[in-house]
Amino acid sequence: MKSEDDERFTGLMCMMAENFNDEISEAGLKMRFGMLQVFTIKQVEMACKKILATRTYNKMPPIAEFIKAIQGPTPQIEDIAETQANFVISQVRKLGSWRTPVFVDPITRDLMNTRFNFKSLCQQAESDMQWFAKQFKEAYRAYDITDKHKQIEMTGKLKKLVSGIGG
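The number in the numbering used here is simply the position in the sequence shown, starting from 1, with 142 added.
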């Protein structure tokens with residue numbers, strides 16, 4: 143938002159306060175404007191409408207609810223795992239075993255380099271893909287929980303350097 147949106151923003155917040163039979167102070171308005179100024183006034187207006195339509199509060203909602211209404215819910219690990227499993231399967235269909243896919247997602251990349259073999263996957267029957275998807279999603283969730291993807295892999299030079307320590 144820009145400074146010229148201040149009046150419109152104030153109107154929106156007063157409307158929200160009125161709807162929730164609440165009051166909003168000058169300091170509260172400034173704080174809300176400061177926290178929400180990274181968004182456009184249109185986005186804030188749409189968030190207000192969404193909050194009003196799905197009323198879950200008996201008083202003026204916190205700023206986090208406005209941000210959530212604008213950005214949408216945070217994707218859950220199950221959703222990400224499903225999306226990544228579908229992406230791997232689409233790469234099998236698109237590239238086949240004669241080309242190498244590029245996996246941007248670090249967990250998918252690591253799973254496809256350590257646990258699953260892309261070329262072997264390409265040779266599976268279409269009916270077996272549902273089993274791959276199930277196993278992949280379970281492995282993805284487990285990998286995310288253990289935070290294994292945050293560990294550092296050692297290169298050849300680093301392994302050589304570390305092997306000489308303490309010995």
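Virtual Cβ for every residue (Gly too), placed ideally from N, Cα, C.
All of these numbers come straight from a predicted model, not from anything done at the bench.
Proximity below 7 Å, CB of C190 to CB of M143 = no
What is the DSSP secondary structure of E165, counted as helix, strand or coil?
-> coil
Which residues mark the beginning and the end of the alpha helix (DSSP H) in which T250 is found?
-> P248 to T256
Do D247 and Q226 have their C-beta atoms within less than 7 Å of each other?
-> yes
If you check the beta carbons only, do I183 and D147 fall under 7 Å apart?
-> yes
Contact between the segment 154–168 and the segment 192–202: three or more CB pairs below 8 Å?
-> yes
Should V180 be labelled buried (16 or more other beta-carbon atoms within 10 Å of its own) or exposed?
-> exposed
Sorted by chain position, which residues of the same chain lie with C-beta nearer than 8 Å to K302's C-beta, five sequence neighbours on each side aside?
-> none
Which one of R197, K276, L178 and E268 has the shortest CA to CA distance from E224?
-> K276
CA nearest to the CA of R251, picked from R241, V230 and S269 | V230
With 16 other Cβ atoms within 10 Å as the buried cut-off, status of A267 | exposed
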